[in-house]
Amino acid sequence: MKEVIRLENIRRHFIVGEEVVKALRGVSFTIEEGEFVTIMGTSGSGKSTLLNTLGCLDTPTSGEYYLDGVSVRTMDRNQRATLRNRKIGFIFQNYNLLAKTTAIENVELPLLYNPRYNARQRREMAVSALQSVGLGDRLQHRSNQMSGGQMQRVAIARALVNNPAVILADEATGNLDSRTSFEILVLFQRLHAEGRTIIFVTHNPDIARYSSRNITLRDGRITADTRNGQILDAQEALAALPAQND
Amino acid sequence: MNFVNLFRIALKALGNNKTRGFLTMLGIIIGVAAVITMLAIGQGSKKSIQSEISEMGSNMIMVMPGGDRRGGVRSSGSDMESLKLKDYEDIRDNASYISYISPLVQSSGQAIYGAANTPTSIYGVNSDYLEIRRYKVSDGDFFSDQDIRTAAKVCVVGKTVLDELFPDDPNPVGKVFRFGSIPFRIIGILESKGYNSMGMDQDDLIIAPYTTIQKRVLAITHIQQIVCSALSEEYTDQAIAEIRQVLTANHKIKEGDEEDFNIRAQEEMSTMMTSVTDLLTILLAAVAGISLLVGGIGIMNIMFVSVTERTREIGLRMSIGAKGRDILAQFLIESILISVTGGLIGVVFGIAAAYLVQLLADYPIAIQAWTVILAFAVCTVTGVFFGWYPARKASNLDPIEALRYE
Numbered sequence: 001m002k003e004v005i006r007l008e009n010i011r012r013h014f015i016v017g018e019e020v021v022k023a024l025r026g027v028s029f030t031i032e033e034g035e036f037v038t039i040m041g042t043s044g045s046g047k048s049t050l051l052n053t054l055g056c057l058d059t060p061t062s063g064e065y066y067l068d069g070v071s072v073r074t075m076d077r078n079q080r081a082t083l084r085n086r087k088i089g090f091i092f093q094n095y096n097l098l099a100k101t102t103a104i105e106n107v108e109l110p111l112l113y114n115p116r117y118n119a120r121q122r123r124e125m126a127v128s129a130l131q132s133v134g135l136g137d138r139l140q141h142r143s144n145q146m147s148g149g150q151m152q153r154v155a156i157a158r159a160l161v162n163n164p165a166v167i168l169a170d171e172a173t174g175n176l177d178s179r180t181s182f183e184i185l186v187l188f189q190r191l192h193a194e195g196r197t198i199i200f201v202t203h204n205p206d207i208a209r210y211s212s213r214n215i216t217l218r219d220g221r222i223t224a225d226t227r228n229g230q231i232l233d234a235q236e237a238l239a240a241l242p243a244q245n246d
Numbered sequence: 247m248n249f250v251n252l253f254r255i256a257l258k259a260l261g262n263n264k265t266r267g268f269l270t271m272l273g274i275i276i277g278v279a280a281v282i283t284m285l286a287i288g289q290g291s292k293k294s295i296q297s298e299i300s301e302m303g304s305n306m307i308m309v310m311p312g313g314d315r316r317g318g319v320r321s322s323g324s325d326m327e328s329l330k331l332k333d334y335e336d337i338r339d340n341a342s343y344i345s346y347i348s349p350l351v352q353s354s355g356q357a358i359y360g361a362a363n364t365p366t367s368i369y370g371v372n373s374d375y376l377e378i379r380r381y382k383v384s385d386g387d388f389f390s391d392q393d394i395r396t397a398a399k400v401c402v403v404g405k406t407v408l409d410e411l412f413p414d415d416p417n418p419v420g421k422v423f424r425f426g427s428i429p430f431r432i433i434g435i436l437e438s439k440g441y442n443s444m445g446m447d448q449d450d451l452i453i454a455p456y457t458t459i460q461k462r463v464l465a466i467t468h469i470q471q472i473v474c475s476a477l478s479e480e481y482t483d484q485a486i487a488e489i490r491q492v493l494t495a496n497h498k499i500k501e502g503d504e505e506d507f508n509i510r511a512q513e514e515m516s517t518m519m520t521s522v523t524d525l526l527t528i529l530l531a532a533v534a535g536i537s538l539l540v541g542g543i544g545i546m547n548i549m550f551v552s553v554t555e556r557t558r559e560i561g562l563r564m565s566i567g568a569k570g571r572d573i574l575a576q577f578l579i580e581s582i583l584i585s586v587t588g589g590l591i592g593v594v595f596g597i598a599a600a601y602l603v604q605l606l607a608d609y610p611i612a613i614q615a616w617t618v619i620l621a622f623a624v625c626t627v628t629g630v631f632f633g634w635y636p637a638r639k640a641s642n643l644d645p646i647e648a649l650r651y652e
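Those protein sequences? They're chains U and H, same order as listed.
Just so we're aligned: 215 in the working numbering is position 215 of the first sequence, and the numbers increase by one with no gaps anywhere.
Quick note: to get the working numbering, add 246 to the position in the second sequence (first position is 1).
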C-alpha cells in the first residue's frame, strides 16, 4: 500500500504571552492510501492543531511531515497553497460555501486556482463531482436555497473535485441532525469503498465505529491508535432509524 | 489564477452587494463629474478671454514714451514728448515684420450736440488703425489721406457716443457736433464691438485724423503712441526688435543706456489674462479633486468592511489553494472595478453637466480630451491606491484564523 501521510515526531508550540503552549508533543504516525481514519480527542487535546498541520495550513515547530512523499516543513506560504490545491480536499463543520453562489460555482472554486483547467473542463469536473454526491439535479441551486445536508454534500463535492490525495473533514457532521449525519456517513463510507483516503476529525466516539482506524489524542500525544476490525455499515444504521412521521 | 476568473469573481462580489457598490461609486461619480465640469468651465472662460483678446488684435504692438530721469527727477512716460512723427515714419518705411502702423494722439473731453453731451475720448490716428484694432465702419466712410494732410475736422464715431448725442437719430452721418470747442463732422459710424474682457466699452470713442488732433485739439507736434500690427502673432518678437532698432538709432541711445520708450505687445496682455483664468481653473480643479479624494477614501472604507465581512470566504479560498496574491488581486480588481465604472458614469455626468451650464447659464465651456482622460486616469489610480491597503490586509490573513472568524 502506498503511504499518503507520514508524521515524524511532530511538535507544535505556541507562544501565548510569556507562556509556551505545547499543542503537539511529538506525534508520529503514517496513513496509507485508502484508509478511513478518525482522529478523536476532547477540546484542548491538540486535534485542531493536528488537523491544521495535516492540512498544510500550519507548519510544525519541529518534526517532519511528508504528504504524498513531499516534505511540507520547509515549504513557504505560496508553495503550501499550491500543495493544498492539488493534494487536499477540505470539508468543514459549517460547510463554508460562498454565499448566494450556485452549487456548481462552489464546486468549481478549487479548480479556479489551478491554471491547468479551462472553463469547460472545470464545469465538467464540477458536474461529475456533484453527481457523485447525489446532487446531479441541483447544479444551479444557490447555497441559501439548500438544506444543511445538501450544503455539506456540495462541500464534499468541492473537496472531491480536484481528486485529492487525502480528504480532511473537520467535524463534518457536527451541524447536522442524526438522520442527515448518517446520510453523510454513508457517503463517506462509499468514498472509502472507492479507495479514497479520508481523515475525519471529531469528538463524537460513534463516528469512529464507521471508520477503518481510530487515532485518539490527549494533551498533544497519541494515546491510542487502533484498527477497527468490525466496521459498522452506516446504511444499516440509517435504515434502523425510526421513520420520520411528522 | 487567470485574470478573467478574477474579474468574474470581483463582478460577482459586486453583484451580491449592488446598493453598497453603487453608493461607493457615487463618491467617484460625483468627484469625476465635478472635475470635468469645473475644468470645462475654467477652460471655457480661458478660451473666451483668448478669443476676445485676439479680437482686440493679438498681434498688436504699442510703443509709448518711457519715463525719463533728468536731474534725478523721474517723470512719467506720458509727460514725455520723445516720440516724434519721424519715428513713426521711419518704422513704417524700414520695418518688414509690420503690416499696419499708425501714430496715436488722444484727448479726453466733452462731446456736445445741441442739449446732449457726453464725456468721451478722441483718438487721432491714420487709416491703418481700423485694421490694427479690428474696427469696421458700418455706415459712411473712413477719413482719407487727403483729410489727414489737410487736418480736416472729420471723424468716425462709436455707438456709445452716438447713443448719447443722437438718441433719436437713426442716421447721424453728416451731422456736426463739437468736441470741446472744435466742431467735427461725422463721416462714418463704427460697427459695435461691445465690452472687452476687462469691462471697457470699446464703442465709447471718436476717431479722427491724427493731424487734426495734433494741431486743432492738443496743439502739439510730438505723438503720444505708435500702434502697429506684426505680420502675425508669431512675428511679434521680430517686429519688436525692428522697432527697437529704429528708435534707439533715432533717439541716439547708447549701448547700456536706459531706453526712453516702452514697447508692449498685446501678446503679453493675453498671457497675463490667461494666467488669471489658469489660476481659476487650478482652483476649481483642486476643489473637484478633493471630492475625488473623498470618493477614494469611501472606496477604501467599503473595501475594509468588505474584507472584514468576507474573512471566512478569504480563509476558505486560501485553504483550497488561493495564494496571497490571488486574494490581493481579487480585492484590488473589485476596487478598480468600482472606481472605473464610477469614473465612466462620472465622465458622462460631467459632460452633461457642463453642457447644462452652457445651456442654462449661457456660460462658455470647453471640454478637452485631456481633462476627460486625466479625470479617468485619476480615478483608476484612486481605485488601485485606496484598494491596495484593504486588499493587502486580506491577502495577509492567516487562513486558520480567517476560517475560525465569526
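Here a beta-carbon is modelled for each residue, glycine too, at the ideal position from N, C-alpha and C.
Given the structure is predicted, the values throughout are model-derived calculations rather than measurements.
Provide the residue span of the beta strand (DSSP E) that contains residue i, from first to last.
i, result
"residue 611 of chain H", "Careful: residue 611 of chain H lies outside any beta strand (DSSP E) and carries neither H nor E."
"residue 423 of chain H", "422-425"
"residue 436 of chain H", "428-436"
"residue 332 of chain H", "Not the beta strand (DSSP E): residue 332 of chain H falls in the alpha helix (DSSP H), residues 331-340."
"residue 198 of chain H", "There is no way to answer for residue 198 of chain H, as the model of chain H reaches only from 247 to 652."
"residue 21 of chain U", "19-32"
"residue 352 of chain H", "344-359"
"residue 646 of chain H", "No beta strand (DSSP E) contains residue 646 of chain H, which is instead part of the alpha helix (DSSP H) from 645-650."
"residue 7 of chain U", "3-16"
"residue 368 of chain H", "362-371"
"residue 454 of chain H", "452-455"
"residue 42 of chain U", "Looking at the DSSP string, residue 42 of chain U is not in any beta strand (DSSP E), and its letter there is neither H nor E."
"residue 260 of chain U", "The requested residue 260 of chain U is not part of the displayed model; chain U covers only 1 to 246."
"residue 388 of chain H", "Neither: residue 388 of chain H is in no beta strand (DSSP E) and is coded neither H nor E."
"residue 510 of chain H", "507-511"
"residue 311 of chain H", "306-311"
"residue 473 of chain H", "471-476"
Kindly indicate the opening and closing residues of the alpha helix (DSSP H) around residue i.
i, result
"residue 110 of chain U", "103-112"
"residue 411 of chain H", "405-411"
"residue 261 of chain H", "249-262"
"residue 491 of chain H", "482-496"
"residue 238 of chain U", "234-240"
"residue 394 of chain H", "391-395"
Since residue i meets chain H, which of its residues come closer than 9 Å, beta carbon to beta carbon?
i, result
"residue 113 of chain U", "247, 251, 563, 566, 567, 568, 569 and 572"
"residue 217 of chain U", "By Cβ distance, chain H contributes nothing, its closest Cβ being about 18 Å from residue 217 of chain U, past 9 Å."
"residue 130 of chain U", "Those within 9 Å of residue 130 of chain U in chain H number zero; the least Cβ separation is about 16 Å."
"residue 187 of chain U", "Ordered by position in chain H, no residue passes the 9 Å Cβ test against residue 187 of chain U, which lies about 19 Å from the chain."
Whose Cβ in chain U lies nearer than 7 Å to the Cβ of residue i?
i, result
"residue 697 of chain H", "Look at the range of chain H in this structure, 247 to 652, and you will see that residue 697 of chain H is not part of it."
Counting only Cβ pairs nearer than 7 Å, list the residues of chain H close to residue i.
i, result
"residue 205 of chain U", "Those do not exist, as residue 205 of chain U stays about 24 Å from chain H at its closest Cβ, beyond 7 Å."
"residue 238 of chain U", "By Cβ distance, chain H contributes nothing, its closest Cβ being about 29 Å from residue 238 of chain U, past 7 Å."
Interface residues of chain U around residue i at Cβ under 8 Å?
i, result
"residue 262 of chain H", "99 and 100"
Notebook entry, point to check: Mind listing which residues of the segment 74-103 of chain U have their C-beta closer than 9 Å to chain H's C-betas, in chain order?
Noted result: The residues in question are 77, 78, 81, 82, 83, 84, 85, 86, 88, 89, 90, 92, 94, 96, 97, 98, 99, 100 and 101.
Next item on the list: May I ask you to list, following chain order, the residues of the segment 559-574 of chain H that have a beta carbon less than 9 Å from some beta carbon of chain U?
Entry: Along the segment 559-574 of chain H, going in chain order, the ones with a CB nearer than 9 Å to a CB of chain U are 559, 561, 562, 563, 564, 565, 566, 567, 568, 569, 570, 571 and 572.
Item checked: Segment contact flag, the segment 51-71 of chain U with the segment 541-556 of chain H, C-beta cutoff 8 Å, min 3 pairs -> Remark: fewer than three beta-carbon pairs, one from each stretch, lie closer than 8 Å, so the segment 51-71 of chain U and the segment 541-556 of chain H are not flagged as touching.
Next item on the list: Can you give me, in chain order, the residues of the segment 20-54 of chain U that have a beta carbon less than 7 Å from any beta carbon in chain H?
Entry: Cβ contacts with chain H: 52.
Item checked: Any alpha helix (DSSP H) of 4 or more consecutive residues that is wholly inside the segment 555-597 of chain H -> Taken in chain order, the whole alpha helix (DSSP H) runs of length 4 or more contained in the segment 555-597 of chain H are 557-565.
Item checked: Every unbroken beta strand (DSSP E) within the segment 133-213 of chain U, with a cutoff of 3 residues, ordered by chain -> Taken in chain order, the complete beta strand (DSSP E) segments of 3 residues or longer contained in the segment 133-213 of chain U are 166-170 and 198-202.
Check: Three or more C-beta pairs closer than 8 Å, one from the segment 162-180 of chain U and one from the segment 196-205 of chain U: is that the case here?
Finding: Result yes; three or more Cβ-Cβ pairs closer than 8 Å.
Margin query: In chain order, what are the residue ranges of uninterrupted alpha helix (DSSP H) at least 4 long that sit wholly in the segment 50-132 of chain U?
Written below: Here the runs fully enclosed are 77-87, 103-112 and 119-132.
Check: Touching or not, the segment 358-376 of chain H and the segment 341-350 of chain H, by the rule of three or more beta carbon pairs under 8 Å?
Finding: Touching, per the Cβ criterion.
Margin query: Three or more C-beta pairs under 8 Å: does that hold for the segment 208-219 of chain U against the segment 257-264 of chain H?
Written below: No, they do not touch.
Notebook entry, point to check: Between the segment 522-533 of chain H and the segment 624-636 of chain H, are three or more C-beta pairs nearer than 8 Å?
Noted result: In short, these stretches do not touch, since the Cβ pair count stays below three.
Next item on the list: Count the C-beta pairs between the segment 40-47 of chain U and the segment 214-232 of chain U that are closer than 8 Å, then say yes if the count reaches three, no if not.
Entry: For the pair of segments examined, the segment 40-47 of chain U was found to touch the segment 214-232 of chain U: the number of CB pairs separated by less than 8 Å reaches three.
Check: How about the segment 459-471 of chain H and the segment 436-449 of chain H: do they share at least three Cβ pairs that are nearer than 8 Å?
Finding: Too few Cβ pairs lie closer than 8 Å, so no.
Next item on the list: Could you say if the segment 643-651 of chain H and the segment 556-564 of chain H meet the contact criterion of at least three C-beta pairs nearer than 8 Å?
Entry: Contact holds: three or more Cβ-Cβ distances are below 8 Å.
Next item on the list: Using a Cβ-Cβ cut-off of less than 7 Å, list which residues of the segment 152-176 of chain U approach chain H; keep chain order.
Entry: Flagged: no residues at all.
Notebook entry, point to check: Below 8 Å, can you find three or more Cβ-Cβ pairs linking the segment 390-402 of chain H to the segment 425-435 of chain H?
Noted result: With the cut-off at 8 Å, the segment 390-402 of chain H and the segment 425-435 of chain H touch.
Check: Within the chosen definition, does the segment 587-604 of chain H reach the segment 273-283 of chain H through at least 3 CB pairs nearer than 8 Å?
Finding: Three or more beta-carbon pairs separated by less than 8 Å link the segment 587-604 of chain H to the segment 273-283 of chain H, which places the two stretches in contact.
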